[in-house]
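Per our numbering, the sequence shown starts with residue 4, numbered consecutively.
Idealized CB from N, CA, C, for every residue including glycine.
In this text, all values refer to a predicted model and were calculated from it rather than measured experimentally.
Have a look at the structure below, then the notes.
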Amino acid sequence: MAGSGRGAGGRVLHSAQAEDVASASNFRAFELLHLHLDLRAEFGPPGPGPGCRGLSGSAVLDLRCLEPGGAAELRLDSHPCVEVTAAALRRERPDAGQPEPEPKPVPVCTRPFSHYGQALCVRFPQPCIAGERLRVQLTYRVGEGPGVCWLAPEQTAGKRKPFVYTQGQAVLNRSFFPCFDTPAVKCTYSALIEVPDGFTAVMSANTWEKRGPNKFFFRMCQPIPSYLIALAIGDLVSAEVGPRSWVWAEPCLIAAAKEEYDGVIEEFLATGEKLFGPYVWGRYDVLFMPPSFPFGGMENPCLTFVTPCLLAGDRSLADVIIHEIAHSWFGNLVTNANWGEFWLNEGFTMYAQRRISTVLFGPAYTCLEAATGRALLRQHMDVTGEEHPLNKLRVKIEPGVDPDDTYNETPYEKGFCFVSYLAHLVGDQDQFDDFLKAYVDEFKFQSVLADDFLEFFLDYFPELKRRRVDSIPGFEFDRWLNTPGWPPYLPDLSPGDSLMRPAEELAQLWAAEELDVRAIEAVSTSAWKTYQLVYFLDKILQKSPLPPGNVKKLGETYPKISNAQNAELRLRWGQIVLKNDHQEDFWKVRDFLHSQGKQKYTLPLYHAMMGGSEAAQTLAKETFAATASHLHSNVVHYVQQIVAPLGS
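Next comes the structure, spelled out in structure tokens:
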């Protein structure tokens, strides 16, 4: 469905008229009622044609024409890697009563659109009329493509069997199946997936069942946007970790996954429900991906895909799971209508994540974690310049620009600041929690723009509307949305001072020309949690380069940092090593980049290497040459831009 165009209270949505320049489709001309995929997976060598690795079968779209004057064609988003070999049409006119008995072949062609996709056009023998129901069946095959990621056995954790997974966000699922690849459109879906012997398929669906030894059937009963339809096939097993949660992983990781998350996911879900309303998706499972997975987590409904970096051994990175759970309300249930409004997904989710963690872990911990997020935003804006157009909440994505290329910290952390500012205007946390619950209930299963949200906010709080809080000088809502730069309002993080101040003072000691060893040894870090250590390292990084010899001594003093297996600590230590040209620890940077391919860890280290000494630049080029084949195609593209930019 393209959404009713109305909220639960009957309000007409601004998003009903929203454009999406990243879609080649005519998605406003049709309501998408249901999608069914029937696919067979083959693991062979790379390449086109039978016997090579690929997904082959069909996509069936059930549609209703919305165009008042009728429509002569259906135009979908697709990609050159999707080879459509046949199209068939079955139609049911509202005035005829009976559908055509058999689908009839219809012509199909492609048209150029952008470097990240093309239009797939299905021509109707006679134009369809408003209200007419259609069933379009597309026979196709996809092999190598940006949204379908094939991994050789050596790229997996167990190194026994190959693996394939799909990654839809933002506009990659058009290279998985022909679709309306826009977050403005939501539909239910089902899928029948056939796999080779010894493989298991999992999908982002409410229910699944085995149909024979090698077939898996999935059904998603709630409407979701195309980017949240996800598939993974590999050597996978599962373990129960809660009343509605299982972890999935390769056999060599399943014990660690169960130990890390047994009993904790249900607590996160229950807290989210108290704050934001019912969890509507049924199950909440977690799939631990191969190390090359480029994200910390991807919030595919019912089955979050996460990096194995989260298996820290001490539950210290569980906030990533809380973030993905928070997407169950913000992003998956209420969705940005186009990618220029990405902050509606991520800013709200950061706020929701931090509300859940405040309830569970207290304000000091949450403020400390938020301070690390603020440091990331500061680093980003220092690199780009505050006035960079991507440092607006509402980003104008030009035609031809891949929305993935606009990804940065701004929608997350500046978005969090704006939602926090609105909570500050309300002045009562319980009232604002109730508002967020009402917002989710009003717009559930819809896609919205900032205008829809802010209109609802002012209607919900008429006293604030009467006081014209949207126009307070310096804090105008329009400025928040459309002006680049540092957030006009920063939430108070002082409850975290008890954790932050000791870290700041210790970092100051390490920045001294002559180290006060007695003062340093007087500070015990043995009880510091991961985010306190991260905050400390962020402060060290800000003060770097340190005086000669200090980084070497720092690493010797805190081996739990310099030899950490925790990915957040390894990232910061690597950045410190590079900024201080501490070459005897360069191998740790190389090993970390060999061990994982998460974009948020990989790109900062390549930026640091290429901004460092000649030895650091050599390390970058050698490491990239050795690891490129293990990385996601998007990450390869971005690293290439850092290591060997065009025109250099």
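Nearest to PRO149 (by Cα), restricted to the options GLN129, GLU516, GLY171 = The residue labelled residue 149 in the question sits at position 146 within the sequence shown. Distances from the CA of PRO149 to each of GLN129, GLU516, GLY171 were compared; the closest alpha carbon is that of GLY171.
Distance, Cα to Cα, ALA5 vs PHE33?
-> Counting from 1 along the sequence shown, the entry for residue 5 is found at position 2. Counting from 1 along the sequence shown, the entry for residue 33 is found at position 30. Below a pLDDT of 50, predicted positions are generally treated as unreliable, and ALA5, at 48, falls in that range; no measurement from the model is reported.
Exposed or buried, what is PRO53 when buried is set at 16 or more other beta-carbons lying within 10 Å of its beta-carbon?
-> As a working mapping, residue 53 is identified with position 50 in the sequence shown. It is exposed - the Cβ of PRO53 has fewer than 16 other Cβ atoms within 10 Å.
In the structure shown, what three-state DSSP assignment does CYS131 receive?
-> Residue 131 sits at position 128 when you count from the first residue of the sequence shown. When DSSP states are grouped into helix, strand and coil, CYS131 belongs to the strand group.
Can PHE279 and TRP346 be called in contact, C-beta distance under 7 angstroms?
-> The residue labelled residue 279 in the question sits at position 276 within the sequence shown. The residue labelled residue 346 in the question sits at position 343 within the sequence shown. Contact: no.
State the start and end residues of the unbroken beta strand (DSSP E) segment that holds GLN158.
-> Your numbering for residue 158 matches position 155 in the sequence shown. Looking at the DSSP string, GLN158 is not in any beta strand (DSSP E), and its letter there is neither H nor E.
Assign SER497 to one of two classes, buried (16 or more other C-beta atoms within 10 Å of its C-beta) or exposed (fewer than that).
-> Start at 1 with the first residue of the sequence shown, and residue 497 comes out as number 494. Counting Cβ neighbours within 10 Å, SER497 comes out exposed, since fewer than 16 surround it.
PRO607 lies in the alpha helix (DSSP H); which residues open and close that run?
-> Taking the first residue of the sequence shown as position 1, residue 607 is located at position 604. For PRO607, the enclosing alpha helix (DSSP H) covers residues 602-613.
So, are the CB atoms of PHE18 and ALA340 less than 7 angstroms apart?
-> Your numbering for residue 18 matches position 15 in the sequence shown. Your numbering for residue 340 matches position 337 in the sequence shown. The identity of residue 18 in the sequence shown is Ser, whereas the question assumes Phe. In contact: SER18 and ALA340 (Cβ atoms closer than 7 angstroms).
Assigned exposure category for GLU112 - 16 Cβ within 10 Å defines buried | Numbered from its first residue, the sequence shown carries residue 112 at position 109. A quick correction: the sequence has Cys, not Glu, at residue 112. By the 10 Å Cβ count, CYS112 comes out exposed.
At what residue ranges does the stretch 292-343 contain a whole run of the beta strand (DSSP E), taking only runs of 3 or more?
-> You should have 306-309, 337-339.
Extent of the continuous beta strand (DSSP E) run through ALA235 = Reading the sequence shown from its first residue, position 232 is the one you call residue 235. Segment 234-237, the beta strand (DSSP E) holding ALA235.
Within its chain, find whatever has a CB closer than 6 angstroms to the CB of SER81; leave out the 5 residues flanking it on each side and keep chain order.
-> Your numbering for residue 81 matches position 78 in the sequence shown. In the same chain as SER81, and ignoring 5 residues on each side of it, the C-beta atoms closer than 6 angstroms to its own belong to GLN121, LEU123, ARG177, PRO181, in chain order.
Start-to-end residues for the beta strand (DSSP E) that takes in CYS370 | As a first step, residue 370 is located in the sequence shown; it is residue number 367 there, counting from the start. Segment 366-387 is the alpha helix (DSSP H) holding CYS370; no beta strand (DSSP E) there.
Selection from HIS330, GLY499, LEU290 that minimises the alpha carbon distance to GLY350 | Taking the first residue of the sequence shown as position 1, residue 350 is located at position 347. Relative to GLY350, the option among HIS330, GLY499, LEU290 whose CA is nearest is HIS330.
Can you check whether the CB of CYS420 is closer than 7 angstroms to the CB of GLY499?
-> In the sequence shown, counting from the first residue as 1, residue 499 sits at position 496. In the sequence shown, counting from the first residue as 1, residue 420 sits at position 417. Not in contact: GLY499 and CYS420 (Cβ atoms no closer than 7 angstroms).
Do you know offhand how far THR210's Cα is from PHE291's?
-> Walking along the sequence shown from the start, residue 210 turns up at place 207. Walking along the sequence shown from the start, residue 291 turns up at place 288. For THR210 and PHE291, the gap between their C-alpha atoms comes out near 19 angstroms.
When the distance is taken between beta carbons, is GLU95 closer than 7 angstroms to ARG136?
-> If you number the sequence shown from 1, residue 136 lands on position 133. If you number the sequence shown from 1, residue 95 lands on position 92. Their beta carbons are under 7 angstroms apart, which means ARG136 touches GLU95 by this criterion.
THR413 by DSSP, collapsed to three states: which one?
-> Within the sequence shown, numbered from 1, the residue matching residue 413 stands at position 410. Of the three classes helix, strand and coil, the one that applies to THR413 here is helix, per DSSP.
Segment limits, beta strand (DSSP E) that includes LYS395 = Here residue 395 is taken as the residue at index 392 of the sequence shown, counted from 1. Unbroken run through LYS395: none, as it is neither H nor E.
Residue(s) in a DSSP beta bridge with TRP211 = Counting from one through the sequence shown, the residue named residue 211 turns up at place 208. PHE221.
Identify the continuous beta strand (DSSP E) that holds PRO115 and give its terminal residues.
-> Here residue 115 corresponds to residue number 112 of the sequence shown, with the count starting at 1. Run containing PRO115: 111-117, per the beta strand (DSSP E) assignment.
Can you tell which of TYR534, GLU197, THR338 has the C-alpha that lies nearest to the C-alpha of TYR368?
-> Here residue 368 is taken as the residue at index 365 of the sequence shown, counted from 1. Proximity to TYR368 across TYR534, GLU197, THR338 peaks at TYR534, based on C-alpha coordinates.
One or two residues paired with MET206 in a DSSP bridge | Your numbering for residue 206 matches position 203 in the sequence shown. Its beta-bridge partners are LEU234.
LEU484 beta carbon less than 7 angstroms from that of ALA453 = On the sequence shown, residue 453 is found 450 positions in, with the first residue counted as 1. On the sequence shown, residue 484 is found 481 positions in, with the first residue counted as 1. A contact, by the Cβ cut-off of 7 angstroms.
Cutoff 7 angstroms; reference GLU76; Cβ partners in own chain excluding five residues on either side = Along the sequence shown, read from residue 1 onward, the residue named residue 76 stands at position 73. Excluding residues within five positions, the ones whose Cβ falls inside 7 angstroms are CYS124, VAL125, ARG126, PHE127.
Can you list, in chain order, the stretches of the alpha helix (DSSP H) that have 4 or more residues and sit fully within the stretch 481-534?
-> Scanning the stretch 481-534 from its first residue to its last, the whole alpha helix (DSSP H) runs of 4-plus residues come out as 500-513, 520-524.
Output the boundary residues of the beta strand (DSSP E) element that contains PHE446.
-> Counting from one through the sequence shown, the residue named residue 446 turns up at place 443. No beta strand (DSSP E) contains PHE446, which is instead part of the alpha helix (DSSP H) from 432-446.
In angstroms with no decimal places, state the Cα-to-Cα distance between GLY60 and ARG144.
-> Numbered from its first residue, the sequence shown carries residue 60 at position 57. Numbered from its first residue, the sequence shown carries residue 144 at position 141. So the alpha carbons of these two residues sit roughly 6 angstroms apart.
Between which two residues does the alpha helix (DSSP H) harbouring TRP576 extend?
-> As a first step, residue 576 is located in the sequence shown; it is residue number 573 there, counting from the start. For TRP576, the enclosing alpha helix (DSSP H) starts and ends at 570-582.
Spell out a yes or no on whether the stretch 224-236 and the stretch 188-202 are touching, meaning 3 or more CB-CB pairs, one atom from each, closer than 8 angstroms.
-> Three or more beta-carbon pairs separated by less than 8 angstroms link the stretch 224-236 to the stretch 188-202, which places the two stretches in contact.
Continuous alpha helix (DSSP H) stretch holding SER636: start and end | On the sequence shown, residue 636 is found 633 positions in, with the first residue counted as 1. SER636 -> alpha helix (DSSP H) spans 636-646.
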